[in-house]
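To start, the structure under review is shown below, and the notes come after it.
Residue numbers (this note's numbering): 6 to 117.
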C-alpha cells in the first residue's frame with residue numbers, strides 16, 4: 006500500500022470516528038441512561054436477573070415494560086438481543102425523563 010493510500014485510510018478513519026462521536030455522544034462522566042423498553046407479551050419475575058435487574062412491569066394490554074439503567078449502547082444492544090432471542094416483538098425503546106415517568110396503562114412493577 007502506498008503512503009498516499011495509508012494517509013487516506015487514516016483520514017477516513019479519523020473522520021468516521023469524529024462523525025460517530027458527534028452523532029452518538031457518550032454518556033457524560035460514566036453515567037448510565039434510564040430506558041423503558043416495551044415488548045409484546047408478558048414476562049414473569051424469573052426473567053429479572055436475565056435482564057440485568059431491569060424492573061419488569063406488566064401492562065393491562067398484555068405488554069411488558071422493562072425499565073432501568075443501562076450503562077452504554079453496547080449493554081442496550083445486549084438487552085435487545087435477549088428480547089430477540091426470546092422471540093418477543095419489540096414495540097419501543099425510549100430514554101426516560103426522570104422528571105416525567107410514563108407508566109400509564111401498566112400495573113405496579115413485579116417484585117423479585
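Every residue gets a Cβ at the ideal spot worked out from N, C-alpha and C, and that includes glycine.
> Taking DSSP as the reference, what is the three-state secondary structure of residue 102?
Replying inline: The residue given as residue 102 occupies position 97 in the chain shown. The answer is coil: DSSP assigns residue 102 none of H, G, I, E or B.
> Any idea what DSSP makes of residue 37, helix, strand or coil?
Replying inline: Here residue 37 corresponds to residue number 32 of the chain shown, with the count starting at 1. Under the three-state reduction of DSSP output, residue 37 falls in the coil class, being neither helix nor strand.
>> With distance defined between alpha-carbon atoms, name the residue in 38, 37, 52 nearest to residue 88.
In response: Locating residue 88 in the chain shown gives position 83, where the first residue counts as 1. Looking at the Cα atoms, 52 is the closest of the given residues.
> Near residue 96, which residues of its chain fall below 7 Å by C-beta distance, leaving aside the five closest residues on each side in sequence?
Replying inline: In the chain shown, counting from the first residue as 1, residue 96 sits at position 91. Result list for residue 96: 43, 44, 45, 68, in chain order.
> Measuring CA to CA, which of 80, 100, 71 is closest to residue 93?
Replying inline: For the purposes of this step, residue 93 is identified with residue 88 of the chain shown, where counting begins at 1. Per the Cα distances, 71.
> Is residue 70 helix, strand or coil when you go by DSSP?
Replying inline: For the purposes of this step, residue 70 is taken as residue 65 along the chain shown, with counting starting at 1. Looking at residue 70 - three-state DSSP - the assignment turns out to be strand.
>> What does the alpha-carbon distance come out to for the pair residue 86 and residue 60?
In response: Stepping through the chain shown from its first residue, residue 86 is reached at position 81. Stepping through the chain shown from its first residue, residue 60 is reached at position 55. Note on geometry: alpha-carbon atoms of residue 86 and residue 60 lie some 17 Å from one another.
> Going by the C-beta, is residue 75 closer than 6 Å to any heavy atom of the ligand ATP?
Replying inline: Inclusion of the ligand ATP in the displayed structure is not the case, the ligand content being empty and no account of it being possible.
> For residue 50, which residues does DSSP report across the bridge?
Replying inline: Reading the chain shown from its first residue, position 45 is the one you call residue 50. In the DSSP secondary-structure assignment, residue 50 is not bridged to any residue.
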